[in-house]
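This report refers to the structure that appears directly beneath it.
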Amino acid sequence: MFVLVVGGGKVGYYLTKELIDAGHECVLMEKDRGRAEAIRDEIGSVVIAQDGCEGKYLHEAGANRADVVAAVTGDDEDNLVICQMAKHHFSVPRTIARVNNPKNEQLFRHLGVDEIISPTRMILGSIEQDIPVHELLHLAALGEGELEIIEAHLQPGSPAVGKVAADLHVPSGCSLFGVIRNGAPAPLRADTVLADGDKVIAIGRPDCELELRLQLIGDSVEA
Amino acid sequence: MKAVIVGCGRVGAKLADALDRAGWQVVIVDRLTAAFDRLPSTFGGTALRGDGTDEDTLRRAGAEGADLFLALTEGDNRNIMAAQMAQEALGAARTVAKINDPLRAEAYAHLGIATLCRTNLMETAVLAFLGQATGNQPGIYAPVHGHAHPLGLDAAVPSSAPEA
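From first to last, the protein sequence lines stand for chains A and B.
Numbering-wise (the working numbering), the first sequence opens with residue 1 and increments by one.
Numbering-wise (the working numbering), the second sequence opens with residue 1001 and increments by one.
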């Protein structure tokens, strides 16, 4: 696979190295000449000391035959433009952008970036899993990010405790599909009685979250 | 009529003043407070410090439902991102982004935003001044698809999953 990596910071540097080690064809673009030279000395001639936002240099780097373009600079606006140019101008089948401000994720998806990696979001998710302060955890985003898998940890006092699943007012655009009780997974049936300590797994649109929280966690919990 | 301008450089400040005089309700955004020194003391609009590529900042500036949104910072990519955010996420009616790289200026016109290319403008102006033939490079590229979802994407929401 031919991968074009744009941005020679720590992420781009290690990404390029790993890709080459894994046997992929790889070109790294880094606009800072000093930085580009330093990486070239180490990993060889795959480094191009040019700005990957410029169509001309993307072309020279072989964007028109790239299978994947990964934009991993530290600037969200640059990563957006790199992916859009790759997609629109060079018909690259798969574009991946690093996003620093998690609020940009949705916009980037909407603007055609295929995959979005948000280190901020990932660290946040990790912290929330270790210390479940929110009781509603985001486990994963699905597809284009239109759907997410959410885990709700039922606490004593949750409005759902003692109810059968069929009696819950699940918002439309959302579906409850499983429950983890005492570490054992089970499907959530219409007659399943929910208990304190259950972890309910839901799949739904991000905008269903508020209603889902009310149903499963209650309104006493800070968002 | 409401205008939001991102970037209080010479062009941004001058346009802010001109629109303000013409009776527009103007909000100008810049990352540096010092940039607002370029505005004349008579400026009657609002100066807001903040990052023009941050959605919250643009909301505060009133980009939602603005009649005009101008992205005029020194960074081509920042302008591109601010303009697309204003147009696609916040629904600004008319958007212009300054993009000095002619290639990107043309490419983004095809993605639905009007782009202003100072490189082309100046080249044309200088050649005309010298009495030379000017090329056909426009200073402003009109959006090709108008207000549309670029790349043919649709903001489709997946159909509701069946309830449990």
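All residues carry an ideal CB built from backbone N, CA and C; glycine is no exception.
Here the structure is a predicted model, which means the values were calculated and not measured.
Does Cys53/A come within less than 8 Å of chain B when only Cβ atoms are used? At least one chain B Cβ lies under 8 Å of Cys53/A.
Looking at the C-beta of Met1081/B, does it have a partner C-beta in chain A at a distance below 8 Å? yes
Listing by chain order, which chain B residues have their CB less than 8 Å from the CB of Asp78/A? Asn1077
By how many angstroms is the C-alpha of Leu210/A removed from the C-alpha of Phe177/A? 18 Å
Over what stretch of residues does the alpha helix (DSSP H) that includes Ile149/A continue unbroken? Unbroken run through Ile149/A is the beta strand (DSSP E), Leu147 to His153; no alpha helix (DSSP H).
When we look at the beta-carbon of Arg1078/B and count the other beta-carbons within 10 Å, is it buried (16 or more) or exposed? Classification for Arg1078/B: buried.
Identify the contact partners of Gln1025/B in chain A, using a Cβ-Cβ distance below 7 Å as the criterion. Ordered by position in chain A, no residue passes the 7 Å Cβ test against Gln1025/B, which lies about 26 Å from the chain.
Check each candidate in Asp1076/B, Val1144/B and Ala1128/B and name the one with the smallest Cα separation from Ala1097/B. Minimum Cα distance to Ala1097/B is reached at Asp1076/B.
Leaving out five residues on either side along the sequence, give the residues of the same chain with a beta carbon under 6 Å from the beta carbon of Thr16/A. Leaving aside the five residues that flank Thr16/A on each side, the residues in its chain whose CB is nearer than 6 Å to its CB run, in chain order, Val5, Cys26 and Leu28.
Rounded separation between Gly1065/B and Pro1138/B - CA only: 28 Å
Anything in chain B within Cβ reach of Lys103/A, meaning under 9 Å, just list it in chain order. Asp1054, Glu1055 and Asp1056
Alpha-carbon to alpha-carbon, Gly1135/B and Leu1015/B: 27 Å
Cβ-Cβ separation, Asp1051/B to Arg1031/B (assumed contact under 8 Å), whole Å: 6 Å
Unbroken alpha helix (DSSP H) run spanning Phe177/A, endpoints: No alpha helix (DSSP H) contains Phe177/A, which is instead part of the beta strand (DSSP E) from Cys174 to Arg181.
Check whether chain B comes within 8 Å of Val92/A, counting only Cβ atoms and requiring the distance to be less than that. no
Same chain only: Cβ atoms within 6 Å of Ile96/A, ignoring 5 sequence neighbours per side: Ala70 and Glu115
Expressed to the nearest angstrom, what Euclidean distance is found between the alpha-carbon atoms of Glu1055/B and Asn182/A? The straight-line gap from Cα to Cα measures roughly 42 Å.
Who are the Cβ neighbours of Gly143/A in its own chain at under 8 Å, not counting the five residues just before and after it? none
Is Ile116/A helix, strand or coil when you go by DSSP? strand
On the CB-based measure, 16 or more other CB atoms within 10 Å of its CB, does Thr1057/B come out buried or exposed? So Thr1057/B ends up on the buried side.
Just verifying my parser: in three-state terms, what is the DSSP assignment at Val1011/B? helix
Going by the beta-carbon positions, is the gap between Leu1090/B and Ala1063/B smaller than 8 Å? yes
Any idea what DSSP makes of Leu137/A, helix, strand or coil? Leu137/A falls in the strand class under three-state DSSP.
Could you give the uninterrupted runs of the beta strand (DSSP E) lying entirely in the region 65–108 of chain A, keeping only those of 3 residues or more? 68–71 and 94–98
Taking the alpha-carbon positions, what's the Arg1038/B to Thr1073/B distance? 14 Å
Where Thr1115/B and His110/A are concerned, what is the direct C-alpha to C-alpha distance, given to the nearest angstrom? 20 Å
What is the DSSP secondary structure of Leu1032/B, counted as helix, strand or coil? coil
What residues in its chain sit with their C-beta under 6 Å from that of Ile180/A, if we drop five residues either side in the sequence? Lys199
Using a C-beta cutoff of 8 Å, does Met1085/B count as contacting chain A? yes
So is Met29/A in contact with chain B if we call contact Cβ pairs under 8 Å? no
What separation, rounded to the nearest whole angstrom, lies between the Cα atoms of Phe1043/B and Asp207/A? Roughly 41 Å between the two C-alpha positions.
Tell me the rounded alpha-carbon separation between Leu1133/B and Ile39/A. The question names Leu, yet the displayed sequence has Ala at residue 1133/B. Each residue's alpha carbon lies about 45 Å from the other.
Under a three-way DSSP split, which group does Lys31/A fall into? coil
Exposure label - Ala223/A; buried when at least 16 CB within 10 Å: At Ala223/A the pLDDT is 40, less than 50, meaning the model places this residue with poor confidence; the figure from the coordinates comes in the next sentence. When all chains shown are included, Ala223/A counts as exposed.
Assuming contact is defined by CB atoms lying nearer than 8 Å, are Leu1111/B and His169/A in contact in what I supplied? no
Going by DSSP, what residue range makes up the alpha helix (DSSP H) through Asn1102/B? In the sequence on display, residue 1102/B carries Pro and not Asn. Its alpha helix (DSSP H) spans residues Pro1102 to His1110.
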